[in-house]
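What the sequence shown shows, in this note's numbering, is residues 37 to 112, in sequence order.
Virtual Cβ for every residue (Gly too), placed ideally from N, Cα, C.
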Amino acid sequence: MKAEFILKVVIPPFIIFAILVWLTIEHYISGWVMYLLWVIGFVVANIIVTKISTRWSIQRMREKRAKEEKQKNEKN
Numbered sequence: 037m038k039a040e041f042i043l044k045v046v047i048p049p050f051i052i053f054a055i056l057v058w059l060t061i062e063h064y065i066s067g068w069v070m071y072l073l074w075v076i077g078f079v080v081a082n083i084i085v086t087k088i089s090t091r092w093s094i095q096r097m098r099e100k101r102a103k104e105e106k107q108k109n110e111k112n
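In structure tokens, the structure reads:
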């Protein structure tokens, strides 16, 4: 895996949860608001990671398909 891909997948959730931890420790959020924000944080982090992973996977498949087409055309 490329380091660029790993950074794009790790950094957004890290930032989201760092903010949530800070807000929780400083008692800016508590109770039901805290639970709600943590659930929303998990959902948003998962969406971001899924979106990045899907884009990367589609790009790899397109490159692979183009390479196969090129090899096929060279043989003919």
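Query                                                                                                                                                                     : Result
Using beta-carbon positions only, say whether Ile-77 and Ile-47 come within less than 7 Å of one another.                                                                 : Note on residue identity: the sequence assigns Gly, not Ile, to residue 77. Their beta carbons are not under 7 Å apart, which means Gly-77 does not touch Ile-47 by this criterion.
Let's see if you can read the secondary structure: which residues bound the alpha helix (DSSP H) around Ser-66?                                                           : Neither: Ser-66 is in no alpha helix (DSSP H) and is coded neither H nor E.
What would DSSP say about Lys-108, mapped onto helix, strand or coil?                                                                                                     : helix
Excluding the five sequence neighbours on either side, which residues of its own chain have a C-beta within less than 7 Å of the C-beta of Lys-44, listed in chain order? : Ile-88
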